[in-house]
């Protein structure tokens, strides 16, 4: 059951982050997903990223819709508020929460059913709104809770467990995001935590909506031969376009040498974000430029046509302006502005009444 | 027709949509208001941008009865397409003012009507250049003719134009006044002015304002401290968020930075608008959305979430004619049941029913308090007539001592004093649990879900655990009956019958009651419902009368249904008078309907016209 709490007795030698918290402090209740579910690996990557970034555990808000993926927000950061809302509608709920309180770290977890079918409109408009939100799509090509129907991300010709091929073209969240102005687009694989953690960290710190498509195989309904979202298929066709590491501003976290250790020093290119953080790219492809939207789009189409699954932090716009920048709202969270500041008072009302004479 | 009817008549102006007649009509209405005379203006407009017929109805009444009347003494017919209909709608002895630049067909003539031809187009073609200007000025010119015919104070008109255009737009001021003089002089020279229906200055509007309900509700949102608004454009609620936006530009600007203390989000649809409002309410903001019935239909899944997860947020439903697209620019009270029970499963919602813009302002503030106090969605049901028409209402007042009721919120300090926080536990026995705001304290964290949950906030599929929470929520909502605005009750000695209504029907029903007592000696008690769940007085009123006639603007007697469902009152004590064709209610229809129900029919409901 999802309410089963894990034991809170930790081994004293567990590594601590700068807040003095261990990774276990970032965990949630026991997962109720199938053993081997890709989503649990994404949860583990989220825990790792949040721990590394030393996010105060109550300063995050976990937003989700409905589905297997949306359940996972209960499985990490139990000291954060979570909102498991309505099917396909996480983006709007997250938009409202973010509008009310811009200071929290918003982590949205959705799935391909939740985001690409019933919630496709909400996904698109949240991307356009560019609210400061990490938006993870745990993408497995099927509906799990209703037992294996194709989702909108299923590839043409991919076969269901019963052997029926999908004959409708897929919606690719990365290409979609690029085409509607997403300021951060990434694709990972739940089976590659080393690639995923830096992407999540960069996504959390990105001032805008960070769209992260994670191929996350469904071991029960979509991990068979003939499926293009299985572990085996993804590993075989996985192609890393660019390797990314996230370097937080110096006064905040992680010395740069640690990052270089992760990524090596050859062919490194830094993209500096407005908050002072740096995303460090190591070129895998010769002339790949993660800040050139059109080129990235072209690259993805080309590699997909060649039957590959291009991954990495594919695109980032260093000049991203988030929801609050566009709305021109105050720097402080709106929800607890002093009432005196919000209510113009009796005298102002009296003056205003003259306009209606 | 009586010989001289000072400050007691109705007129209607028929024009073509998109020809600038709105400003001319507004000018007439505002001039009468400035003369201190009770007045109302009803815009009867098409769902169209340009080209279709549109009307503006003005009623003047010295006793303050300004509900719509279908009895027009004077019609300004500026649209040849509707000549026949306009002439037909005049009372015998009435006047038709028309543009005589073109001849009026003899077949349209009606004996008991006086035709007043003014060559408006011809005069404006001579006096002004440019096609668009000539069309606009033609409409301003009929204002001048009306000023002569009805004795509208020309100084007041001049003053209003000066306020509108000021020195900066001197040329527009001059052009407008020139057009008005054209109309005025022609009428004064050619007709016996003023007509027996005419105006005389009074002192009845000194402490009043002229305002529409959407503007008033928006102002209420500003004063209540709302900081997040989400919406999707839909007639007739769009102007509510437009007004909120305009007020925020003036009143919600941080001094040093020029930045706003409100986030206004135009969503991709009503579902998202509801989601944004609920997300913001969950995160601690006073948040609202404004829509009409079609939007509420789309929002219902989210409304159920807010009800069950107990998230405060305010929904303004400016009702229009349904079902489906219905008639988007016409008024109705068709969403009473929809809002009371919106969403699947067992749900019931707090609803407020303002009667006019003054109550829109008042109830809008109250809605935020109730939403946060009861941690639930609250609906303010206005309608197109209240929301989009200008009403004369008392000036709004504000008590600087007001502080928002944020309800039971535990901050870090309060959390430190308790052992464990459980989101859905009824600690105080009033059905209202405590909530926490995300980000405030690790101890306050909980998981919000629309799926089954226990009183401790944990997921459940256990029958008893589920029922315990849903039963507690029912108690909470029932308790709101004592907190919503109580009904307005007016009693007459020895009245056996009661009239029950809500919202914008108020004016017509009260006028009907007065007239039936004066003309027929019929004494009737009156109750106007202002909130749901019903306050205890509602059932008492019904029980105290042999028969209660529920007057409302929908086909299916939705308020009556709600009364039979939600009060112990006997169904036999309730009957209905219903008007739902899309126009605001008039006393004539109320009188006909009530007499019919009481077996006193002088004229049948069918013979009453529109």
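Residue numbers (the numbering used here), protein chains in the order written: chain A, 1100 to 1456; chain B, 2 to 611.
Idealized CB from N, CA, C, for every residue including glycine.
Small disclaimer: the values here were computed from a predicted structure and weren't measured.
query, result
"Using a C-beta to C-beta distance shorter than 9 angstroms, which residues of chain A count as neighbours of residue 415 of chain B?", "The contacting residues do not exist; residue 415 of chain B stays about 15 angstroms from chain A at best."
"Okay, do the segment 452-459 of chain B and the segment 481-499 of chain B touch, 3+ Cβ pairs below 8 angstroms being the bar?", "no"
"Whole beta strand (DSSP E) runs in the segment 558-607 of chain B with 3 or more residues, listed along the chain?", "575-579"
"Would you please verify whether the beta carbon of residue 1177 of chain A is less than 9 angstroms from any beta carbon of chain B?", "yes"
"Measure the Cβ-Cβ separation of residue 368 of chain B and residue 288 of chain B and say whether it is below 9 angstroms.", "no"
"Determine the direct distance from the alpha carbon of residue 365 of chain B to that of residue 1229 of chain A, and round the result to whole angstroms.", "31 angstroms"
"Please report the residue range of the alpha helix (DSSP H) in which residue 162 of chain B lies.", "155-166"
"Cα-Cα, which of B/203, B/129 and B/199 is closest to residue 172 of chain B?", "B/129"
"Determine which residues of the segment 1418-1436 of chain A have a Cβ less than 7 angstroms from any Cβ of chain B, and write them out in chain order.", "1426, 1427, 1428, 1429, 1433, 1434, 1435 and 1436"
"Per DSSP, residue 1238 of chain A is paired with what?", "A/1314"
"Would the segment 1308-1324 of chain A and the segment 1286-1295 of chain A be scored as touching if the rule is three or more Cβ pairs under 8 angstroms?", "yes"
"At the level of alpha carbons, what is the spacing between residue 1135 of chain A and residue 1183 of chain A?", "23 angstroms"
"Compare the C-beta of residue 1117 of chain A against all C-beta atoms of chain B and say whether one is closer than 9 angstroms.", "no"
"Can you give me the start and stop residues for the alpha helix (DSSP H) that residue 239 of chain B sits inside?", "239-252"
"Give a yes or no on whether the minimum CB-CB distance between residue 1190 of chain A and chain B is below 9 angstroms.", "yes"
"Once you ignore the five residues that flank residue 1268 of chain A on each side, which residues in its own chain have a CB closer than 7 angstroms to its CB?", "1255"
"Give me the Cα-Cα distance between residue 395 of chain B and residue 1451 of chain A, rounded to the nearest whole angstrom.", "14 angstroms"
"What residues in the segment 1196-1207 of chain A have a beta carbon less than 8 angstroms from any beta carbon of chain B?", "1196, 1197, 1198, 1199, 1200, 1202 and 1203"
"Return the chain-ordered list of same chain residues with a C-beta closer than 8 angstroms to the C-beta of residue 204 of chain B, the five sequence neighbours on each side being excluded.", "37"
"Chain A partners of residue 210 of chain B, CB-CB under 8 angstroms?", "1452, 1455 and 1456"
"Is there a Cβ of chain B sitting closer than 9 angstroms to that of residue 1129 of chain A, yes or no?", "no"
"Pick helix, strand or coil for residue 297 of chain B, following the three-state DSSP scheme.", "helix"
"Note down, in chain order, all residues in the segment 1147-1159 of chain A with a beta-carbon under 7 angstroms from any beta-carbon belonging to chain B.", "1156, 1157 and 1158"
"Taking only beta-carbon atoms, is residue 1183 of chain A less than 9 angstroms away from chain B?", "yes"
"Are the C-beta of residue 265 of chain B and some C-beta of chain A separated by less than 9 angstroms?", "yes"
"Which one of A/1246, A/1218, A/1272 and A/1295 has the shortest CA to CA distance from residue 1339 of chain A?", "A/1295"
"Taking the alpha carbon of residue 1408 of chain A as the reference point, which residue from A/1194, A/1332, A/1241 and A/1176 has its own alpha carbon closest?", "A/1332"
"Taking just the CA atoms, how far does residue 1444 of chain A sit from residue 401 of chain B?", "6 angstroms"
"Taking the alpha carbon of residue 1213 of chain A as the reference point, which residue from A/1246, A/1163 and A/1300 has its own alpha carbon closest?", "A/1163"
"With H, G and I counted as helix, E and B as strand and the rest as coil, what does DSSP make of residue 81 of chain B?", "helix"
"According to DSSP, simplified to helix, strand and coil, what is residue 56 of chain B?", "strand"
"Any idea if residue 1448 of chain A is buried or exposed, counting beta-carbon neighbours within 10 angstroms, 16 or more meaning buried?", "buried"
"Assuming contact is defined by CB atoms lying nearer than 9 angstroms, are residue 1320 of chain A and residue 1239 of chain A in contact in what I supplied?", "yes"
"Report the neighbours of residue 229 of chain B on chain A: residues whose CB is nearer than 9 angstroms to its CB, in chain order.", "1195, 1198, 1199, 1433 and 1434"
"Residue 574 of chain B: which of B/504, B/550 and B/193 sits nearest, CA to CA?", "B/550"
"Considering only residues of the same chain and omitting the five flanking positions on each side of residue 1394 of chain A, which have a CB-CB separation below 7 angstroms?", "1388"
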